[in-house]
Amino acid sequence: MQIMETIILAIYLIIMTGIGIWFAKQAHSSEGDYWTAGGKINSFVGSFAFFAAVASSSSLMGAVGSGVALGVPFLLAYGFGAVAIPSFAMFLISGQIRRTGVKTLPEFFKHRYGKSVQIVAAILVVLSMTFYMIPQLTASGLIGSYVLGIDYVTAVIILGLGFTLYAALGGMWAITYTDLIQGAVMVIGMFVLAIIILMDHGGAGSLIQDALAVDPQFGSITQPWMSYFGLFIAFLWFGVVSPSAVMRNFAARDAKTARRSALGACFLYVTVFIFGFVIASAGASLGIADTLNNQDMIFISVIEHYMPALLAGIMLAGLLAAIMSSADAMLLAVAAGIAHDIYKEHINKDASEKTVTRLGLAVMILASIVGIIFAIDPPQLIAVMVGWVSGAMLSAFGFPLVLGLWWKRANTPGALAGMVGGTVTFIIMALLPFALVSEHLVSAPVSAILTVVVSLMTAPPSEAKQQEVDHYHMNLDA
Amino acid sequence: MRKLTRKKWKDPGIVMVILLSLIALIVWIWWPTDTYLAGISLAGWAMFVCFFIWLALTVAYVVWMEKLEKKEVE
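Protein sequence lines, in the order shown, are assigned to chains A and B. This note's numbering applies: residue 208 is where the first sequence begins, and numbers increase by one. This note's numbering applies: residue 395 is where the second sequence begins, and numbers increase by one.
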């Protein structure tokens, strides 16, 4: 057990919970939105909030792990797509989303296509968020097992149940506010770590040479072209198809702040991937990748190797807390998706608040059990699992959303066909032996074709709806 | 219809999406895996350089939109 790290971890988690509760009270008293915080959030704070909402720490940990396990170009392909997440979403949907006035993905589908599409979207959000728990639990299990000195499986089970308890007690507000701090801790932590590494190795050039001396394949393309391209596409689209984070930013703030926040988030992504490049090089130079049970552990090994115990503790605590808040946000999305969006809205409209809450809790527990079962023996590297989630969401939501905003002829049957067809194709592709993270290269075009063809074969949306879509593109208020 | 209404395809966002796609396309078609610079495949470096290009495109978009808004106000 790492005593220093454990103590810091405990203190950090208590402080984060405290801050969360304090902010939650503030938010409830003013009924201000998380993103607007009563309209006081500026672009600087907004950048961190935007970044933290999209970049899960497990994925940063996974990016470094994949850079060591599969060669640094894999990490660079990850960054190639991920750096463009805020920008691509801003270019493609921000102005239009702003004019629709909706704040979440299922809300948009209800507004544009009606109830049936909303229900299917809610179900798919639940499934993808449940799967997204697996990389979160894997990452937290690795950190927990290292810091607490217990075995990985026990750590996954304890932390998984802990997440559920925290989510049930804290609710959404407590979590989202601390995301701001987690984002800052991660970026600053990775910056400090990168500086220490560069000083230790005497510069970037010699660091890369040290890595290559241990692993000659470090700089090589080790996977088929499709895997890199697939990873790029999956992350490029992540901001567009992620259930709510990005939409909230664009919908809730004034347009100028929203755009500048997206620019800031893009800058943070660039810095984080540069630091990630340095950390992965250091990881490769340690020459321990093959000795680890799980190669995603490499990030933790680098932290421990280069940082003094105090800093390492803060960094690991920041990582775990950030993962915890992401995992809890996912659990809450799953609970809300089933208990509120499906059960309360469509099955039993008269359900009492108590019944809905209880159902939500039951769903949360179920989702974490599913997550734990899979995370005990994770099917792939964290980066690959995150890529799968993104690819699956792109296959389901990407084209019904973008076409819904840009093409007035897109209709309900088309959107349903695109969503279901894209998802089914993705699942079939995932079951077939195929290049890593490239399933959506087939399933997303299938979704696009289905949305277009079925829309054209069936009756167009009402005149009023079509005019509304035109209105999304009418003025400059983007 | 407002005077300042722009055609969908002249939207700065769409222009940027097209630019981003073209640049990405060049990288994916070129894909120089066997040329190495400082021990790392040139394909990797090409993707790395694009980090900064994406940032530049985003800056350009933000400035462009703010200029358009200013014009609209005037």
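Cβ coordinates follow ideal geometry from the N, Cα and C atoms, glycine included. Computed from a predicted structure; not experimentally measured.
At the 8 Å Cβ level, is residue i part of the contact set with chain A, yes or no?
i                 : result
Glu460 of chain B : yes
Thr429 of chain B : no
Trp425 of chain B : yes
Ala437 of chain B : yes
Lys464 of chain B : no
Lys371 of chain B : Not covered by the structure: residue 371 of chain B. The range shown for chain B is 395 to 468.
Ala454 of chain B : no
Ile474 of chain B : The requested residue 474 of chain B does not occur in the structure, where chain B is confined to residues 395 to 468.
Leu451 of chain B : yes
Leu419 of chain B : no
Leu414 of chain B : yes
Do residue i and residue j have their C-beta atoms within less than 8 Å of each other?
i                 : j                 : result
Val653 of chain A : Gly628 of chain A : yes
Ala590 of chain A : Pro607 of chain A : no
Leu523 of chain A : Val275 of chain A : no
Ala745 of chain A : Met626 of chain A : Missing from the structure shown is residue 745 of chain A; chain A here goes from 208 to 685 and no further.
Ala362 of chain A : Ser265 of chain A : no
Thr371 of chain A : Ile222 of chain A : no
Met268 of chain A : Asp497 of chain A : no
Ser449 of chain A : Ser254 of chain A : no
Ala624 of chain A : Val661 of chain A : yes
Ile404 of chain A : Val485 of chain A : yes
His553 of chain A : Ile300 of chain A : no
Val710 of chain A : Met636 of chain A : Missing from the structure shown is residue 710 of chain A; chain A here goes from 208 to 685 and no further.
Gly407 of chain B : Gly412 of chain A : no
Val447 of chain A : Phe295 of chain A : yes
Gly598 of chain A : Phe641 of chain A : no
Gly487 of chain A : Arg305 of chain A : Looking at the sequence provided, one finds Ala at residue 487 of chain A rather than Gly. Against a cut-off of 8 Å, the Cβ pair of Arg305 of chain A and Ala487 of chain A comes out as no contact.
Ile440 of chain A : Gly611 of chain A : no
Gly706 of chain A : Gly578 of chain A : With chain A represented from 208 up to 685, any question about residue 706 of chain A goes unanswered, as that position is not in the structure.
Leu277 of chain A : Gln389 of chain A : no
Met340 of chain A : Met537 of chain A : yes
Val360 of chain A : Ile583 of chain A : yes
Asp535 of chain A : Ala374 of chain A : yes
Within 10 angstroms of its Cβ, does residue i collect 16 or more other Cβ (buried), or is it exposed?
i                 : result
His680 of chain A : buried
Trp448 of chain B : buried
Asp428 of chain B : exposed
Trp444 of chain A : buried
Leu334 of chain A : buried
Ala542 of chain A : buried
Thr399 of chain B : Because Thr399 of chain B sits at a pLDDT of 46, beneath the cut-off of 50, its placement in the model cannot be relied upon, and the following sentence gives the value as read from the coordinates. That one is exposed.
Gly605 of chain A : buried
Asn456 of chain A : buried
His678 of chain A : exposed
Asn317 of chain A : Residue 317 of chain A is actually Lys in this sequence, not Asn. Result: buried.
His408 of chain A : buried
Phe506 of chain A : buried
Ile292 of chain A : buried
Asn249 of chain A : exposed
Ser435 of chain B : buried
Asn555 of chain A : exposed
Phe446 of chain B : exposed
Asp422 of chain A : buried
Asp417 of chain A : buried
Val467 of chain B : exposed
Gly225 of chain A : exposed
Between residue i and chain B, is any beta-carbon pair separated by less than 8 Å?
i                 : result
Lys463 of chain A : yes
Gly426 of chain A : yes
Val290 of chain A : yes
His680 of chain A : yes
Ser468 of chain A : no
Gly594 of chain A : no
Ser237 of chain A : Here the model assigns Ser237 of chain A a pLDDT of 44, short of 50, so the residue's position is not dependable, and the following value carries that caveat. No - not a single Cβ of chain B is within 8 Å of the one on Ser237 of chain A.
Leu573 of chain A : no
Val279 of chain A : yes
Gln416 of chain A : yes
Ser434 of chain A : no
Arg306 of chain A : no
Ser413 of chain A : no
Val591 of chain A : no
Gly605 of chain A : no
To which residues does DSSP link residue i through a beta bridge?
i                 : result
Leu518 of chain A : DSSP, once it has assigned bridges, lists no residue as partnering Leu518 of chain A.
Leu277 of chain A : DSSP lists no partner for Leu277 of chain A.
Leu431 of chain B : B:Ile434
Should residue i be listed as close to the ligand HEM, given that the test is whether its C-beta is under 7 Å from any heavy atom?
i                 : result
Thr429 of chain B : The ligand content of the structure shown is nil, which means the ligand HEM is not present either.
* Any alpha helix (DSSP H) of 4 or more consecutive residues that is wholly inside the stretch 623-680 of chain A -> Listed in chain order, the alpha helix (DSSP H) elements of length 4 or more contained wholly in the stretch 623-680 of chain A are 647-664, 670-679.
* Would you list, in sequence order, the uninterrupted alpha helix (DSSP H) runs of no fewer than 4 residues that lie entirely inside the stretch 510-589 of chain A? => Segments of the alpha helix (DSSP H) lying fully in the stretch 510-589 of chain A: 516-542, 560-583.
* Asked: Which residue spans inside the stretch 304-365 of chain A form an unbroken alpha helix (DSSP H) run of at least 4?
  -> Taking 4 residues as the minimum length, the alpha helix (DSSP H) runs contained wholly in the stretch 304-365 of chain A are 312-320, 322-355, in order along the chain.
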